[in-house]
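Peer 1: Taking UniProt numbering as reference, the numbering of the sequence shown is continuous, increasing by one, and the terminal residue is 277.
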Amino acid sequence: MRTAIVFDSAGTLLKVYRVAKDVARKQLVENVVSTNIIVKGHNCALVALKAEPVEIFGIDKDIYVSEFIDKNNILMDIVCRGTKCPGEQIREAAIEDRSATIGDLQEAIAAVKFKCKDIYYVNIGLVVDIANRSIPYVLATGGKLFTGVTGMIGRIMASGADVYIASGDNYKSLITLAEELKIPLSNVYDALSPSGKRDVVMSLKEKYDRVIMVGDGINDQLAFQAADMGVLTLQQDGTRPVILYESADLIVDNILEVENIVEESLHMIKEQNRKNQ
């Protein structure tokens, strides 16, 4: 019987440092859990911008983010959205904003780079408020591997389980991560919404006898529910909604504990096979 382990990236395999710029208050908010902003705001969406941070620093800081997106046809990936946030209206609402500037994004990126020296990537994004046609927050995220992850992934794959990454992060960031961990690029799914993660798990269940989903945030909840086993890891600091805890089958404080969970799962499968012979 075959087993697949699906990992989220940011906050799960990677220790992340997130900074949000509260546009109205002109304040930086450090170590923000960006998905929690969406949980509180039913009309809001968290989107990742398909633009390079280095490109942002070459732009006049007074230009509106909305103008930059519109004139350069910058693509957006929906990471998660509220219950009253139609997907087709997100881009339109972002382009109508006249408050968030490139300077706000530059500040957030600079704060991440200052705090995190050895990072794999920096991603940028926005919170878009559909009801108010505005961008209340701009965000930057940097990530580096939790200690011991490389060895753990290698041992899990050596045990016979297949490892996948299913993440809301962009493909370029995930390529670097997958290559470091020796995970085949064909096993990497990028720019996924919560329902997209769930769909990946469901499709893998057609190929594997057992699928384990490992994640740390509310955008992993649907995938937890779809998987044969959902593992919530709390190593990344931050508050999480109660519903996320309730959706997980197991909760761990350290990502390295997943190795034992996989080992026990494989052992149970072998015992089942032996009894069925």
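From the three backbone atoms N, C-alpha and C, an ideal C-beta is built for every residue, glycine too. As the structure is a computational prediction, the values presented were derived from the model and not from experiment.
Would you give the residue range spanned by the alpha helix (DSSP H) that residue 236 belongs to?
Peer 2: Residue 236 -> no alpha helix (DSSP H), and no H or E assigned at all.
Peer 1: Please return the same chain residues whose Cβ sits closer than 8 Å to the Cβ of residue 106, not counting the five positions on each side in sequence.
Peer 2: Taken in chain order, the residues that qualify are 56, 57 and 61.
Peer 1: With distance defined between alpha-carbon atoms, name the residue in 192, 196 and 125 nearest to residue 51.
Peer 2: Out of 192, 196 and 125, 125 has the C-alpha closest to the C-alpha of residue 51.
Peer 1: In the structure shown, what three-state DSSP assignment does residue 27 receive?
Peer 2: Strand, per DSSP.
Peer 1: Return the CA-CA distance between residue 48 and residue 79, expressed in angstroms with no decimal places.
Peer 2: One C-alpha to the other measures close to 7 Å.
Peer 1: If I follow the unbroken beta strand (DSSP E) through residue 142, where does it start and stop?
Peer 2: Taken as a continuous stretch (DSSP letters only), the beta strand (DSSP E) holding residue 142 covers 134 to 145.
Peer 1: Could you round the C-beta distance between residue 187 and residue 163 to whole angstroms and report it? I think they count as a contact, below 8 Å.
Peer 2: Going by Cβ atoms, the distance from residue 187 to residue 163 rounds to 7 Å, so yes, they are a contact pair.
Peer 1: Distance, Cα to Cα, residue 266 vs residue 207?
Peer 2: So the two alpha carbons sit approximately 16 Å from each other.
Peer 1: Residue 44 CB to nearest chain C CB: under 8 Å?
Peer 2: The structure shown has no chain C; it contains just one protein chain.
Peer 1: Would you tell me roughly how many angstroms separate the C-alpha atoms of residue 69 and residue 166, rounded to the nearest one?
Peer 2: When rounded, the distance between both Cα atoms is 26 Å.
Peer 1: In this structure, what does DSSP give as the bridge partners for residue 79?
Peer 2: In DSSP, residue 79 forms no bridge with anything.
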